[in-house]
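Going by numbering that gives the first Met the number 0, the first residue of the sequence shown is number 0, and it counts up by one from there.
Idealized CB from N, CA, C, for every residue including glycine.
Here's the structure we're looking at; comments come further down.
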Amino acid sequence: MTLRDEPFTIFAPENGNETLPPAEEGLLTHPDLVKRLLLDHIVLGVKIDLQLSSELTFSTLGGRTVQVQTVNGTLYANGARVLQQRVEVPHGILVILDNYLFPEDMDVTNMTSTPSVVGDSMTGESLVKVTAEAAAENNDVAVETTAPPVKNSTGGFLESVTQVLSFLKSGVKVFRQFLAKSNVSHLLMDGDEYTVFVPTDHAFQRWHPIDWGFYPFSVPEFTETIIVNHFVKGNLHQDSIKDGQTAMTLGGQEITFARKSNGGSSPGVLTVNGVQVVKGDTPVSDGNMMFLGEVLFVDDEIVKKLQQSNRDKETAPLLAFPWMRSQFLSHAFLMLEKDPDRFTHITRFLNLADLAPHIAGKGYTFFVPTDKAFEKAELSTRPDNFLSKGEGLQILLNHFVKGRLYSKDLTEGKQLHTLGDKVISVGNNDGGVMVNNANILESEIFVYNLGTMYYIDRVLFVDKMQPTESNPLLEVAHEWTTEIPDDVEGIPSEIADERGGLPDLLEEEEQGYNSTAHYHEENDLEDEPEEYDDINYNHPETISHKINSTGLIQDDPEDYDGNVTTTIRPPR
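Here's what the structure looks like:
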C-alpha cells in the first residue's frame, strides 16, 4: 500500500500496556486479518489534532467509525483511553491509546477474512469521510488535512478547502457559508497554486451587534470583497515567509507579513497586516490554508462608513411601545414624531387608529403624507380619532404596502396593492416619481431593516372633504378588564383579600358608594343624568384630569388630548 506524501493519523495501542489484551497467536497467521486491523486504526488524508478538538466522529481506512469524546475530563476513542494526543512523525500524527479501537477483533474466533471496503487504498486514494459533530469547544482550528488529489487543479484547491471547512464546522462555519456564496472560483486559474487565510467564527462575531445594530457582513457586496481578499496566489508556508514579505490578494489588496520575535531560536510569531496567524499550516491540494483570529481589511472606520450607506441592513431594538406586535409601525411612528414641523397630523391619526393588527412584524413600505398634504385634503382640522375606524382606517391602510420597496422598484407603470385593498399606480412627473396623484418628496427613509418610508405631498384615495355644519367626534370605546393572562403569576391569597381582617377606617357610614368614570372627548360633554338629582350632594365632586398622547395623566394643562371626568355618586 502506497501512502505517498498524504497526511495521516494513526491510532496506535501502546506496547506493554497492562490494560492491553494479549494478541491471539493465531492472528499473525492470518495476513488479511492483520491488514484489516491496521486499516481500522489509520485515517488517511487528515492530521487530527485532539489538543484542539475533543469531540469528533470519523471513518478509518477500514470503513469503520471512530468516536472521540471527553468523559470526566479524560479523552477516549471508542472506549480506549488516549494516553498521548499528538506525536509528530513525518507527514502524520500518532495518537497513543491504552487499547485497540476495536478490541473484539483480537479474538481470532470472531474474525473473518472478509476484506473491508477501503476504496482504492492500494493506489493511495482515500475514501475517508470526516464528519465532525462538534469541531471544538472553543471553536478553534482542529485539524490539518489534505484532500485526495483531483485532476482539475482549480477545483482541487477549492474542493479541498471546502472539505477542511466542512470538517471543522463550528470553528469556521461563518467563513464556509460566505465562501459558498462567493465567486472566488471564477478567479482561480488552472495550474496555479493558492493560499487562503481563514478567519475563525470568533473573528466575525467581533463585528456582530450584541442585541441590535449594524452587522457589516449583512451587506453582500462588502462580504464578497472581503472573502476574495483572503486569497493570494502562491503556495505560502509559514516557515518560509520572511519578515516584511508582501503579497497581492485576488481582490487587488496588498498584505504584509511580519514576525514578532519571542526571544527564542524559533522564527517568531507570524502576522499578516498586524493580525496574528494561528501557528501551523494546513496543506491542501494545490495550496495551503492558514487561520486568523481577525478578519482582514475590516476596521471601525470602514464599518462606520458602510453603515451610513446601508441603513436598511441595521437591525432595530425591540420596542414595547407603542405597539409591541408591530415593530415597523412603532419605529416609524417614533421617527415621524421627531419631526413635528412636517408630520403632526399623521402621528396624531396613527396614535388613535388600531393599525397594529394589520401591520404586524416587519417588511412594509409606508407612503407618508406631510402636514401640507392633510391641509390640501381638509383633514388637518379633523379630530385625532377621525381616521381610527371604518372608512377612515381604510384611508390609513391604503398608504401601506406589504414588502420593502426601494427606489429602483418604483418604475413607471408599476402597480402596488395596499393593505386597504386598493391599487397604487407608479408614474413619472418631470423626472420625479409619483404614486397616483402624489409626488414623492423624499425617498428611501429606512426604518432600520424593518421597512421603508416615502414622504408624499398628497393623501391617497381621499377626495377633498367639504366642511359640515357639525363635526361630532367619533365615540371612542374604552374597554377595561380584570382578567389576568395565563402567563402572569397570580397574586398571593394573603395579600389579595379585598377587605382583610381589620375594619376599614376610611369606609363611610353609608355603605355601597361607588365611583363612575365618564369618558368624553373635549367639547362633547353629556348633560348630567336625571337620576343624579336626588343624591345627597347638591354639587357632586368632579375631578378632571388631562391626558396626553401617551395615555398618562398629566398636570400640565397645555399637554393633553382629551378629558377624563370622574363623578362620585351614591347608589340609588
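Item	Value
Taking the alpha carbon of ILE394 as the point to measure from, which residue in SER165, LEU333, PRO316 and ASP420 has its own alpha carbon closest?	ASP420
Taking all protein chains shown into account, do 16 or more other C-beta atoms lie within 10 angstroms of the C-beta of PHE320, making it buried, or fewer, making it exposed?	exposed
Could you give the DSSP three-state label for PHE213: helix, strand or coil?	coil
On the criterion of 16 or more Cβ atoms from any shown chain inside 10 Å, does GLY360 qualify as buried, or is it exposed?	exposed
PRO6: buried (16+ other C-beta within 10 angstroms of its C-beta) or exposed?	buried
Would you mind working out which of ARG457, GLY450, THR417 and ILE301 sits nearest ASN579, comparing C-alpha positions?	Residue 579 cannot be examined here, being either before or after the span of the chain that is shown, 0 to 571.
Measuring straight from C-alpha to C-alpha, what distance separates PHE10 and LEU32?	17 Å
Ordered along the chain, which non-local residues of its own chain (more than five positions away) have a Cβ less than 8 Å from that of THR245?	GLU253, ILE254, THR255 and PHE256
Could you give the first and the last residue of the continuous alpha helix (DSSP H) run that contains ASN350?	339 to 351
Starting from THR572, trace the alpha helix (DSSP H) in both directions and tell me its first and last residue.	The displayed coordinates of the chain run from 0 to 571. Any statement about residue 572 would go beyond what the structure contains.
From which residue to which residue does the alpha helix (DSSP H) around LYS303 run?	299 to 307
Run through DSSP, which three-state label would ARG310 get?	helix
Going by beta carbon distance, what residues of the same chain come within less than 7 Å of LEU82, once the five residues before and after it are set aside?	GLU13, ILE95, LEU96 and ASP97
So what's ILE47 in DSSP terms, helix, strand or just coil?	strand
Write down the C-beta distance between TYR447 and GLU313 rounded to the nearest angstrom, noting that I regard them as a contact closer than 8 Å.	5 Å
Expressed to the nearest angstrom, what Euclidean distance is found between the alpha-carbon atoms of THR69 and THR199?	23 Å
Given this structure, state the Cα-to-Cα distance separating LEU524 from VAL425, to the nearest angstrom.	Confidence at LEU524 is low in this model, with a pLDDT of 38, below 50, so the placement of that residue should be treated as unreliable; the coordinate-derived value is given next. Near 46 Å, if we compare the C-alpha coordinates of VAL425 and LEU524.
May I ask you to report which of helix, strand or coil DSSP gives ARG572?	There is simply no residue 572 to check, as the chain begins at 0 and stops at 571 in what is shown.
Would you check if there are 3 or more beta carbon pairs closer than 8 Å linking the region 285 to 304 to the region 206 to 224?	yes
Mapping DSSP to helix, strand and coil, what is SER58?	strand
For a test of the three-state rule: what should DSSP assign to LEU187, helix, strand or coil?	coil
For LEU100, which residues in the same chain have their Cβ closer than 7 Å to its Cβ, ignoring the five residues on either side in sequence?	PHE10, ASP39, HIS40, VAL65, ALA76, ASN77 and ALA79
Run through DSSP, which three-state label would GLN252 get?	coil
Mind the definition here: the region 385 to 392 touches the region 349 to 358 only if three or more C-beta pairs lie below 8 Å; say whether that holds.	yes
Can you tell me whether DSSP reads THR222 as helix, strand or coil?	helix
Taking the beta carbon of ASN397 as the centre, do at least 16 other beta carbons fall within 10 Å, making it buried, or is it exposed?	buried
Checking 8 Å against the spacing of the C-beta atoms, do ASN228 and GLY243 come in under that value?	no
As a quick exercise: from ILE423, GLY72 and TYR454, pick the residue whose alpha carbon is nearest that of ILE345.	TYR454
Let me make sure I understand the geometry here. Which of PRO266, VAL183 and GLN326 has the alpha-carbon closest to that of THR248?	VAL183
Taking its Cβ as the centre, do 16 or more other Cβ atoms sit within 10 Å of SER469, making it buried, or is it exposed?	Confidence in SER469 is poor, its pLDDT being 37 and thus under 50, which makes the residue's placement unreliable; the coordinate value appears in the next sentence. SER469 comes out exposed.
Could you tell me which residues DSSP puts in a beta bridge with ASN182?	Beta-bridge pairing links ASN182 to no other residue.
Under a Cβ-count criterion, where at least 16 other Cβ atoms within 10 Å of its own Cβ denotes burial, should ALA179 be classed as buried or exposed?	exposed
Counting along the chain, where does the beta strand (DSSP E) carrying VAL195 start and finish?	193 to 198
In its own chain, which residues sit with a C-beta less than 6 Å from the C-beta of SER217, not counting the 5 before and 5 after it?	LYS312
Take the Cβ of ARG205 as the centre, count every other Cβ of all protein chains shown within 10 Å, and call the residue buried at 16 or more, exposed below.	exposed
Can you list, in chain order, the residues of its chain whose CB lies under 7 Å from that of GLY91, leaving out five sequence neighbours each side?	PRO6, PHE7, THR8, ILE9 and LYS46
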